[in-house]
Every structure is written in structure tokens, then in C-alpha cells.
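Numbering of the sequence shown is given in my numbering, commencing with residue 1 and proceeding in unit increments.
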Amino acid sequence: MALLPCDIPVDKHGRELKSHDTAFPIGCYLDNLTVDAVPWHWHNELEAVIIAEGSCTFFVDSEKYILKKGDGIFVNSNFLHTVLDNDCINCQLHSITFHPRLVGGSLDSVFWQKYLQPLLTDPSFRCIFLSQRIAWQKEALEVIEAAWQSVVFEPSGYEFRVRSFLSHLIWLSVSHRPVVQSVPSEKSLRDGERIKIMLQYIHDHYAEEINTCQIAGSAMISASECLRCFRSTIGITPIKYVKQYRIQQAAKLLATTTQKIISIGTLCGFQEMSYFARSFKAQMGCLPTEYRKRMSSKS
């Protein structure tokens, strides 16, 4: 199975639309965060990630994790998440998304009933941070990487190997879940659903002039409630997120197209080029022209 491109189309609620083979429901990615920005999104699949190079900040709902080379994370189904490059130089991820049925089989199987169902329906289980310093987590990282390599290179019988590796990952995750966990409040869960809608509105309209009232209106809440929801869930204001997302999209165009920089700024919602340049440097650490040169030298 070839590596899939790291583009994440989503529907109006922010659910990822990328579908995987129904006979072997798994996707395998090599993500370069310097080029491929990852918007906030969610999907029905489970996701396992290992940092191959560099470092990044991984967000799952309101939780934040700093991941360095060799670290990883295992994200539960249907939780909002994103990842940001920490050094703007060369952060690469090995990631796998797979449908729970690949491991669990039918809904009446012992694998589904005893292991998958409790994991998928546990609102307190957003994700597990995986470190090489903890024995069982190091083991989990090894099986994730083994599964990723098997999907990429397709040795004989790789489908059996991948299912076995991911089954072991599920077992490690279930058997090491804390006995006592904090369950998100109804308010937190409601905020999560609202933020999915508002983020997708931003993703659809970032090239336009948009304000907090318009973003709030997409989820049918007040501007003040919108501000509270953004701050409590992802830690920034909606307008700051708009600017961050615009810069992410501009960086992608700078790295992958030959369009003029002024055109890219306009396409990404910046009407003044001096403001675009300042904002880009503040977030990416260099001016748009310098960023394009840096990306060209790597290709």
C-alpha cells in the first residue's frame, strides 16, 4: 500500500472525509509538518502517531502534548485533534489511521465486546501519550512502527502482521488505562461539538473577511459564548485561530506552488502584504520569501 498524501478533507462538522479501503480499512501517512499543515479535525478511525524527526505539539480537545523524536500518541475515535510543528524546520510523523473493526471484527465478537467497545465509548479516554522511557509505552511505539513499515513495504502476508500489531496496541492501551479517570462534563462535551462546527466554518471561509459574530452564528451561539468555547477548548480566541489557519494555508501554497507571494497572501485572507509578512514571520519564524527559498532547497 503506497503512502497516502497528507491532505485532510472534512465535512461541514469537521469530520474527516478521506475514506480507506473497506476490505482493509487502514491509511498510512508520512507527514511533513513544514509543508503539510494539519487542521483541527476528527474521524471515526483510531490514530497512532510516532515522531520520526523534529518535535511537535499535539492537541486533543483541550489537552496539549509536547512530542519529541521517538515519542508517540494514540488517539481515540471521534476526538478533535491537530498537530503543530515546533521548530518550523523538519518535523516528520509516521501515522496510521485504522477503523476499529480491523481489530475488533464483528460487533458481537469477544474482541469488540471485551476490548474495543469499552475503549471507544469511554469519554475520559481521549488519547495516550507514548514515551520510550516507559516499558509498556516503548512496546506500543515498537508495534506502531512495525505496523507502519508493514503497510508501506507490503511483505508477504502483511495484512495479518498489521492486524496482529494493532491488536497488540489495543491490548496494551486497554490493560494500562487508569482505573480511576476523570470523565468530561456535559458542558465540555457540548463545547467540543460546537467547536467542530465553528472550526469548519473558519476552514470554509478563511479567505474572506470573517468576525467572531459570524463564527458564533455558524454554531447558533452568542459571540461571548463563542469566545469562551474557543478559550476553554483550544486555548485561543477564534480570530487568532483564523490567523493561524491562514498562515498554515499560505505556507502550504508557498511550498507547493509558484504563485506570487502577494497572490498567496490575498488568497489566504490577507489584504495588506506588510501585515501578511509580519504575521507569517511571527508564526513561522521567517518571511514568506525566506520560507519559499528554504522549501525549494529541500525539494
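Just so you know, even glycine gets a beta-carbon here, dropped at the ideal spot from N, CA and C. Computed from a prediction, not measured in an experiment: that's the story for all the values here.
Assuming residue i and residue j make a contact with CB atoms under 8 Å, what is their CB distance in whole Å?
i           : j           : result
residue 247 : residue 284 : 7 Å
residue 206 : residue 269 : 5 Å
residue 301 : residue 35  : This structure cannot speak to residue 301, because the chain is shown only from 1 to 299.
residue 121 : residue 84  : Not really, about 29 Å apart at Cβ, beyond 8 Å.
residue 305 : residue 215 : Nothing about residue 305 can be read from this structure; the chain reaches only from 1 to 299.
residue 80  : residue 195 : 7 Å
residue 82  : residue 40  : 4 Å
Helix, strand or coil for residue i per DSSP?
i           : result
residue 154 : coil
residue 213 : helix
residue 287 : coil
residue 28  : strand
residue 2   : Because residue 2 sits at a pLDDT of 48, beneath the cut-off of 50, its placement in the model cannot be relied upon, and the point is left open.
residue 94  : strand
residue 47  : strand
residue 125 : coil
residue 111 : helix
residue 205 : helix
residue 164 : helix
residue 62  : coil
residue 144 : helix
residue 195 : helix
residue 243 : helix
residue 266 : helix
residue 200 : helix
residue 297 : helix
residue 282 : helix
residue 105 : coil
residue 233 : helix
residue 33  : coil
residue 292 : helix
residue 260 : coil
residue 228 : helix
residue 238 : helix
residue 223 : helix
residue 23  : coil
Just to confirm before moving on: does the CB-CB distance between residue i and residue j stay below 9 Å?
i           : j           : result
residue 29  : residue 95  : yes
residue 117 : residue 32  : no
residue 46  : residue 98  : yes
residue 72  : residue 48  : yes
residue 308 : residue 163 : Past the boundaries of the shown model lies residue 308; the chain is included only from 1 to 299, so the question cannot be answered.
residue 68  : residue 51  : yes
residue 165 : residue 185 : no
residue 267 : residue 250 : yes
residue 177 : residue 129 : no
residue 262 : residue 292 : no
residue 174 : residue 107 : no
residue 53  : residue 90  : yes
residue 224 : residue 188 : no
Select from the options the residue whose C-alpha is nearest the C-alpha of residue i.
i           : options               : result
residue 191 : 239, 219, 177 and 168 : 219
residue 199 : 109, 187, 265 and 42  : 42
residue 65  : 44, 131 and 24        : 131
residue 38  : 252, 204, 142 and 114 : 252
residue 169 : 178, 143, 159 and 160 : 143
residue 44  : 75, 23 and 61         : 75
residue 234 : 175, 244, 62 and 25   : 62
residue 100 : 297, 112 and 90       : 112
residue 279 : 60, 244 and 59        : 244
residue 256 : 297, 230 and 275      : 297
residue 193 : 289, 230 and 22       : 230
residue 60  : 115, 127, 114 and 159 : 127
residue 25  : 153, 40, 159 and 145  : 159
residue 70  : 211, 134 and 204      : 134
residue 105 : 157, 153, 152 and 23  : 23
residue 208 : 271, 55 and 115       : 271
May I ask you to list the residues that DSSP assigns as paired with residue i?
i           : result
residue 250 : Paired residues: none, contrary to the question.
residue 132 : Bridge partners of residue 132: none, in fact.
residue 271 : The partner list for residue 271 (beta bridge, DSSP) is empty, contrary to what the question assumes.
residue 69  : None, per the DSSP bridge assignment.
residue 56  : 67 and 85
residue 41  : 81
residue 74  : 48 and 128
Would you say the beta carbon of residue i comes nearer than 8 Å to a heavy atom of the ligand FMN?
i          : result
residue 30 : Annotation note on the ligand FMN: not contained in the displayed structure, which lists no ligands.
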